[in-house]
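Chains B and X, in that order, give the protein sequences.
Here the first sequence is numbered in our numbering, starting from 13 and rising by one per residue.
Here the second sequence is numbered in our numbering, starting from 13 and rising by one per residue.
Using N, Cα and C, we set each Cβ at its ideal position, and we do this for glycine too.
In this text, all values refer to a predicted model and were calculated from it rather than measured experimentally.
2 protein chains.
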Amino acid sequence: MVTISEVAQLAGVSVTTVSRVINDYPHVSKAKKDKVFWAMDKLGYVPMQAARQMRGSGSQTIGVVVPEIINPFFSYLINAIERTVDKLHYKTLIIQTFGRKQNELTALDYLKRHQVDGIILCALENDWDIIKGYQKYGQIAVCNEYVDEDTIPMVIGDQFNGLRQGTEYLISKGKTKIAYCTGRDSLLLQQRGKNFDSDRYLGFTTALQAHDLSFNPAWLFTNAHSIEDGQAILKQLSQMAQKPDAIITGSDEVATGIVSLAKSLNIQIPQDLSVLGVDDQPLAKFLSYPLTTIRQPITQMGQQVAEVLIDNIKGTTEPAQKIKLDLQIVPRESA
Amino acid sequence: MVTISEVAQLAGVSVTTVSRVINDYPHVSKAKKDKVFWAMDKLGYVPMQAARQMRGSGSQTIGVVVPEIINPFFSYLINAIERTVDKLHYKTLIIQTFGRKQNELTALDYLKRHQVDGIILCALENDWDIIKGYQKYGQIAVCNEYVDEDTIPMVIGDQFNGLRQGTEYLISKGKTKIAYCTGRDSLLLQQRGKNFDSDRYLGFTTALQAHDLSFNPAWLFTNAHSIEDGQAILKQLSQMAQKPDAIITGSDEVATGIVSLAKSLNIQIPQDLSVLGVDDQPLAKFLSYPLTTIRQPITQMGQQVAEVLIDNIKGTTEPAQKIKLDLQIVPRESA
DNA sequence: TCGCTTTATGTAATCGCTGACATCATTATA
DNA sequence: TATAATGATGTCAGCGATTACATAAAGCGA
């Protein structure tokens, strides 16, 4: 491998001079600078990152931790983050946890090792008390999850108002018997500001109460994530004596599952059942019933969290920012 | 940051002994080994990767270069690769090129720097003559692209037979006037074994010839990639005097665009127009017309290319392997 | 022309880790 | 019991880059 000394030798200068040229430091004559560039080019020299890191000069890299990139929500989020990170002259290291706690901790170890200067957590696997301990090794920011900690920057969508407005939308369409799906266990839905599912749920119930509508507990579906979950939910629904006339899903996946089975179960959408998705995934508008859905501000989330984190890394900002972005209803045919 | 010396000191042994414990070398007494583990745990020690790399002990990392992870084809491919790479105790570094040549070269520089031990290219941006030069810095494998070079392992789908069979399928449904979409320029379609588009096209024309069908050059659509491209194509088609009765798209995206506009243009699918996709993307079956499509063996491709590359890194195999995997027709409603 | 600042360049220590080599201690073999 | 082999442990050089420090040359005002 080509080293800085080889470049120095070929250019007829010292390694220091080469280092100065590489890092664009002053006090190098035009003549030598040119020679160095020529030598670097001739040898195809690329500085070894590992050696630089050893000198403590940071990694110029930020880690982005997500559950899985095959989930479009996260791949679009990464996309937004990476474009911003690029713009700020950092590199992005994508780390998938596949939902495993251990993988999240391994990801955080990258901070200890100085492999990354900062980390964006786009999902939380471990309890915050555990993650907290890693703060001393580098900057951490959280995106799309709640963290009740002053020292951590956080960028989230305003789930409470998003769902409140979504519910209002259904009510404005004359729907009164609204079912509700969530990815969590039911037990965890009651405490505002703890996680986005509970915020959503409270937005939902708040809108209901504002219109004096009651919620039938039989219409609460928990642990719903996938298309298959959505299909299972619709099957259950279709066999109920008391049927809802609308359903709010926790994601476009679940909504996709529901609309995919409607025809075969002889359920008319949206007349018999309005279906409201969340996310506005790219293909939501091309489904058998184009989804009415609550769009998440993915692009801005990614952009802002990247900016805030890098600001913090550079030490240029004050207390951790908490940024809340608006969701937006996208009316299509399913509701 | 916690260093190996601090661990050594706390454990009351030399750094070498700690190093031996970390790397599971022999000749360390049980007693000292336990002490070292205890000290490592107590201090929360994680070896610094950069320092290890400097000693030439490889990075235990392989780079996966893709155009964009928001493309489900690639995110699923990465998924398959990463799971295999994990299993073989390597790490995965995902690198997006966003279709830019320079980004591909930067990715290849990771080899020079010893940031990765090998690279899987899942798309080719630069001419092969340029990429070739990087072989001396580390192992390179190519996935889903043609490379006419003995020294490079390559894993691809059998596009020729896939498209031949897909075309046969349409013919078996009574279709005789078949249009064709490709992502490339028309000029590049004629040479077998050069890229997968040309293989596909030749598979298509081969099937046509076998049934004495001719191909109307007006029905060739080039540079078709996105949903919007698909929509544009259908609009063009609908205004032709001579209309095809089937269309083979280069991807499920293009197929999605076509079926999404069919209803509003008053075109019945598949009666008026059969639409054949390629890829079998996860949502293909949930579209307004569930797509009949040619499934790519993504999982096996990812798995095999990872295995072959890591085999090569370890130096355990003979000449570069060329692996060709079968595509499979998934009949649904669009054709 | 003299001292003083500024610019240009080089020497060598250092970062954390591994591994070749050296040194004892212990056990096996003759 | 003497000697060789093996096991346990330590010392220290070196990987490739940065950077504190040293030094020489050039610029500059009086």
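query, result
"If you measure beta-carbon to beta-carbon, which residues of the region 89–106 of chain B are closer than 8 angstroms to chain X?", "90, 91, 94, 105 and 106"
"Using a Cβ-Cβ cut-off of 7 angstroms (strictly less than) and excluding sequence neighbours within five positions of residue 227 of chain X, which residues of its own chain qualify?", "217 and 220"
"Give me the chain X residues within the contact set of residue 268 of chain B, using Cβ-Cβ distance strictly less than 8 angstroms, ordered along the chain.", "295 and 298"
"According to DSSP, residue 155 of chain B sits in a beta bridge with which residue or residues?", "B:167"
"Give the list of continuous alpha helix (DSSP H) stretches no shorter than 4 residues that lie fully inside the region 187–232 of chain B.", "208–222"
"What's the call for residue 268 of chain X, buried or exposed, on a 16-neighbour Cβ count within 10 Å?", "buried"
"What residue from B:331, B:188, B:321 and B:339 has the CA that sits closest to residue 104 of chain B's CA?", "B:321"
"At a CB distance below 9 angstroms, what residues from the region 112–131 of chain B approach chain X? Give them in sequence order.", "121, 122, 124, 125, 126 and 127"
"Using a Cβ cut-off of 9 angstroms (strictly closer), state whether residue 271 of chain X contacts chain B.", "yes"
"I need the straight-line Cα distance from residue 359 of chain B to residue 246 of chain B, nearest angstrom please.", "The question about residue 359 of chain B has no answer here: the residues shown for chain B are numbered 13 through 347."
"Taking only beta carbons into account, state which residues of the region 47–73 of chain X come closer than 9 angstroms to chain B, listed in chain order.", "56, 57, 58, 59, 60, 61, 62, 63, 64, 65, 66 and 71"
"Which one of B:91, B:33 and B:263 has the shortest CA to CA distance from residue 240 of chain B?", "B:263"
"Looking only at its own chain, which residues have a Cβ that is under 6 angstroms from the Cβ of residue 175 of chain X, when we skip the five neighbours before and after it?", "212, 215 and 216"
"How about residue 80 of chain X: is its C-beta nearer than 9 angstroms to some C-beta of chain B?", "yes"
"Can you tell me which of X:41, X:312, X:37 and X:33 puts its alpha carbon nearest to the alpha carbon of residue 53 of chain X?", "X:33"
"Select from X:121, X:76 and X:345 the residue whose C-alpha is nearest the C-alpha of residue 90 of chain X.", "X:76"
"Going straight from the alpha carbon of residue 72 of chain X to that of residue 139 of chain X, what length do you get?", "28 angstroms"
"With DSSP as the reference, label residue 109 of chain X as helix, strand or coil.", "coil"
"Can you check whether the C-beta of residue 142 of chain X is within less than 9 angstroms of a C-beta belonging to chain B?", "no"
"Within 10 Å of its beta-carbon, does residue 148 of chain X have 16 or more other beta-carbons around it, so buried, or fewer, so exposed?", "exposed"
"Along the region 153–175 of chain B, where does the CB come closer than 9 angstroms to a CB of chain X? Name the residues.", "none"
"With distances taken from CA atoms, which of B:126, B:45 and B:43 is nearest residue 68 of chain B?", "B:126"
"Scan the region 225–295 of chain B and note each continuous alpha helix (DSSP H) run of 4 residues or more that stays entirely inside, going in chain order.", "239–250 and 264–274"
"From residue 137 of chain X to residue 112 of chain X, what does the alpha carbon distance come to, in whole angstroms?", "7 angstroms"
"Cα separation between residue 209 of chain X and residue 108 of chain X?", "22 angstroms"
"Using only CA atoms, which one of B:315, B:308, B:346 and B:81 lies nearest to residue 275 of chain B?", "B:346"
"Taking Cβ to Cβ, would you say residue 284 of chain B is nearer than 9 angstroms to residue 257 of chain B?", "yes"
"Please classify residue 124 of chain X as buried or exposed, where buried requires at least 16 neighbouring CB atoms within 10 angstroms.", "buried"
"Just to confirm, is the Cβ distance from residue 92 of chain X to residue 312 of chain X under 9 angstroms?", "yes"
"Should the region 24–41 of chain X be called in touch with the region 332–345 of chain B, which here means at least 3 C-beta pairs below 8 angstroms?", "no"
"On a Cα-Cα basis, can you pick out the residue from X:120, X:110, X:143 and X:150 that is closest to residue 129 of chain X?", "X:150"
"Report the CB separation of residue 304 of chain B from residue 271 of chain B in whole angstroms; it is logged as a contact under 8 angstroms.", "Their Cβ separation, rounded to whole angstroms, is 10 angstroms, which puts residue 304 of chain B and residue 271 of chain B out of contact at 8 angstroms."
"Assign residue 145 of chain X to one of three DSSP states: helix, strand, or coil.", "coil"
"Using DSSP bridges, identify the partner residues of residue 340 of chain X.", "X:307"
"With 9 angstroms set as the bound, which would you pick, yes or no: does the beta-carbon of residue 239 of chain B sit closer than that to a beta-carbon of chain X?", "yes"
"Under a Cβ-count criterion, where at least 16 other Cβ atoms within 10 Å of its own Cβ denotes burial, should residue 178 of chain X be classed as buried or exposed?", "buried"
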